[in-house]
Each structure stands twice: as C-alpha cells, then as structure tokens.
Amino acid sequence: MLAQQRQQAILERVRGSGGVRVADLVRELGVSDMTIRRDLEALAERGLVEKVHGGATVAGPGSTEEPGFAAKSARQQPEKEAIARRAARLVRPGTAIALSAGTTTWTLAHLLVDVPELTVITNSIRVADVFHRAPRADRTVVLTGGVRTPSDALVGPVAVAAVRGLHVDTLFLGVHGMSARAGFTTPNLLEAETNRELVASAHRLVVPADHTKWGTVGISTIAELAEAHVVITDSGLAEEARDELAAQVGELVVADAGEGNEARSR
3 MLAQQRQQAI LERVRGSGGV RVADLVRELG VSDMTIRRDL EALAERGLVE
53 KVHGGATVAG PGSTEEPGFA AKSARQQPEK EAIARRAARL VRPGTAIALS
103 AGTTTWTLAH LLVDVPELTV ITNSIRVADV FHRAPRADRT VVLTGGVRTP
153 SDALVGPVAV AAVRGLHVDT LFLGVHGMSA RAGFTTPNLL EAETNRELVA
203 SAHRLVVPAD HTKWGTVGIS TIAELAEAHV VITDSGLAEE ARDELAAQVG
253 ELVVADAGEG NEARSR
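Note that my numbering gives residue 143 to position 141 of the sequence shown, counting from 1, and the numbers run on in steps of one.
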C-alpha cells in the first residue's frame with residue numbers, strides 16, 4: 003500500500019470513528035509504529051487530524067463551520083481541475099444548466115464560457131462573474147438573489163423563490179461533504195434549503211466532489227447519495243469509498259489529476 007493510500011485509509015478511519023490508536027493501526031495495516039506516526043504527522047500538518055498521545059482524533063471544522071471561498075479555492079486544485087474537465091464533457095450546446103456555489107463548480111464555469119447557446123442558472127456570485135467576464139450574445143445567465151454566505155453563495159427565501167418553477171437539464175451541485183450516512187451535506191442551513199430547490203429543478207444531478215469531501219458531514223443534508231445520477235471525484239478516493247459510492251449513485255467517474263484520464267464505475 004502506498005503512503006497516500008495508507009494515509010487516506012487512516013483518515014477515513016478517524017472520520018468514521020472519531021479517533022484512532024497507533025497500536026491498532028500498526029496491527030491493521032501491517033506497518034511499523036514509526037510509519038504510522040509519520041502518516042499521522044503528515045495528516046496533522048495538512049490539518050486533517052489532531053495528534054494526541056498514542057493516536058489521533060478528528061480535527062478541523064465542526065458541522066456548522068463554513069470556510070470562505072478563498073480558503074477553499076486553494077485546496078486540491080489539480081483534483082478540482084481534473085473533475086471540472088470531466089464534468090464539462092456533460093454540457094451540450096443549447097442546454098439549460100444550473101451551477102450551485104462552490105470552488106469546483108467555479109472551476110467548471112471557466113471551462114464552459116465558450117459553449118454556445120447556454121442558459122445558466124446559479125446562486126453563486128463567483129460563478130456568475132466568470133460568465134460576466136467572458137460575454138456571449140447567445141448565452142443567458144440568471145443569478146438568484148439572496149443572502150450571501152462565506153462561500154459567496156446566495157441563499158434563503160429570495161433564492162428559493164427565484165429557483166422554484168425553473169427546469170434545467172443538468173445541475174452541477176457543489177457540496178461541503180458526502181458520506182454513506184448523511185448523503186451530500188452543507189454546513190449552512192439556508193444553503194441546504196436553496197440547494198434542495200436546485201435539485202428539484204434538475205432532470206439530472208451531477209455532483210463534482212474531490213476525495214477530501216468523503217467522510218465530511220455538514221449539519222444539513224441536501225440530497226441522499228442515491229439521488230445523484232453522476233458523481234465525479236478524483237483518484238485520491240480510497241477503494242472502499244469508491245465501492246460505497248458506486249453502489250449507491252447512478253454512475254461514478256474517477257478523474258485522474260495526474261494523467262488527465264478517467265475510470266468509470268457502474
């Protein structure tokens with residue numbers, strides 16, 4: 003097992019149980035005490051776990067803590083770009099799409115500016131700005147109103163009212179986290195309500211989410227895993243998590259950030 007795979011397995015164990023002991027990991031993974039401690043040190047340096055005496059516990063934000071857009075945009079950039087490239091292939095000229103707020107959907111927006119005759123519905127100020135900076139006469143962009151969140155989403159009753167009654171071919175849904183237990187989640191209650199309305203408006207739900215989203219749980223569920231027609235993630239996702247997703251979603255696509263190609267499940 004490669005170090006990256008081992009560390010991902012450790013991280014999933016921490017997120018699943020709330021904490022791990024070095025001795026247990028040594029026995030389960032069949033490596034030395036020093037190797038496990040180096041893995042925990044690497045995870046702690048990335049802010050993914052908190053080292054404690056004899057092991058590690060969950061670190062990072064609680065279920066209601068929401069990082070700002072700038073902080074999130076600096077994370078997993080190669081993975082997000084690979085996911086966005088694969089997601090862009092699902093967009094055909096002359097269709098209506100919705101892009102929720104998020105750094106991965108924002109990355110995707112940059113790849114869609116040259117698609118002709120596109121109608122875009124979004125509650126993301128950042129996404130709308132991407133299209134505004136590359137105008138096309140044959141494109142329509144609808145930006146909902148609403149209350150602005152730390153991640154630059156517009157949410158709340160005004161946003162919900164703007165989306166209600168609309169019908170789009172595909173929604174690309176940015177999520178804070180995804181898990182077998184909680185589904186696709188967000189740390190913002192109002193954003194969850196707005197995103198649920200976006201899900202209801204779409205004929206097809208596509209969730210572009212990098213591997214770090216697995217096991218992260220926000221306070222409110224947007225949709226169950228089984229509601230997604232397509233989930234696009236990256237090759238950093240552990241095999242066990244891939245199997246779980248592939249068993250529940252319509253299609254799982256794994257984009258390789260290093261090589262630019264993809265593997266497909268189910």
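We put the CB at the ideal spot given by N, CA and C, even for glycine.
(request) Provide the residue(s) that pair with I234 in DSSP beta bridges, ordered along the chain. (result) The residue you call residue 234 lines up with position 232 of the sequence shown. According to DSSP, which records beta bridges pairwise, I234 is partnered with P210 and V255.
(message) Quick check: what's the CA-CA separation for V54 versus P118?
(response) Start at 1 with the first residue of the sequence shown, and residue 54 comes out as number 52. Start at 1 with the first residue of the sequence shown, and residue 118 comes out as number 116. Between V54 and P118, the C-alpha separation is close to 54 Å.
(request) For the segment 147 to 166 and the segment 82 to 93, state whether three or more C-beta atom pairs, one from each stretch, are separated by less than 8 Å. (result) no
(request) Buried or exposed for Q6, please, with buried defined as at least 16 other CB atoms from any protein chain shown within 10 angstroms of its CB. (result) Against the sequence shown, residue 6 aligns to sequence position 4. Counting Cβ neighbours within 10 Å, Q6 comes out exposed, since fewer than 16 surround it.
(message) Classify D212: buried if its beta carbon has 16 or more other beta carbons within 10 angstroms, exposed otherwise.
(response) Taking the first residue of the sequence shown as 1, we reach residue 212 at position 210. Per the 10 Å Cβ criterion, buried.
(request) Would you kindly work out how many angstroms separate the C-alpha atoms of I127 and E30, rounded to a whole number? (result) On the sequence shown, residue 127 is found 125 positions in, with the first residue counted as 1. On the sequence shown, residue 30 is found 28 positions in, with the first residue counted as 1. One C-alpha to the other measures close to 46 Å.
(request) Assign D41 to one of two classes, buried (16 or more other C-beta atoms within 10 Å of its C-beta) or exposed (fewer than that). (result) As a working note, residue 41 is residue 39 in the sequence shown. D41 should be labelled buried.
(request) Please state whether DSSP places V132 in a helix, a strand or coil. (result) By 1-based counting over the sequence shown, the position of residue 132 is 130. Three-state result, V132: helix.
(request) Let me know the secondary structure DSSP gives T146 once reduced to three states. (result) Numbered from 1 along the sequence shown, position 144 holds the residue referred to as residue 146. If DSSP states are grouped into helix, strand and coil, T146 belongs with coil.
(request) Go through its chain and collect everything with a Cβ distance to D154's Cβ below 7 Å, but skip five positions before and after it. (result) The residue labelled residue 154 in the question sits at position 152 within the sequence shown. So the list reads F71, A103, S126, I127 and R128, once near-sequence residues are dropped.
(request) Using only alpha-carbon positions, find the residue among L239, D131, L207 and L27 that is nearest to T217. (result) Mapped onto the sequence shown, residue 217 falls at position 215. It is Gly, not Thr, that sits at residue 217 in the sequence shown. Looking at the Cα atoms, L239 is the closest of the given residues.
(request) Put T151 into one of helix, strand or coil per three-state DSSP. (result) Your numbering for residue 151 matches position 149 in the sequence shown. Here T151 sits in coil by DSSP.
(message) Check this for me: beta carbons of T151 and V157, under 8 Å apart or not?
(response) Your numbering for residue 151 matches position 149 in the sequence shown. Your numbering for residue 157 matches position 155 in the sequence shown. Yes; because the gap between Cβ atoms is below 8 Å, this pair is in contact.
(request) Have a look at R141, R135 and R244 and flag the residue whose alpha-carbon is nearest the alpha-carbon of I99. (result) The sequence position of residue 99 within the sequence shown is 97, counting from 1. Per the Cα distances, R141.
(request) Tell me whether the beta-carbon of G176 lies closer than 8 Å to the beta-carbon of T106. (result) As a position in the sequence shown, residue 176 is number 174, starting the count at 1. As a position in the sequence shown, residue 106 is number 104, starting the count at 1. The answer is yes: Cβ separation under 8 Å.
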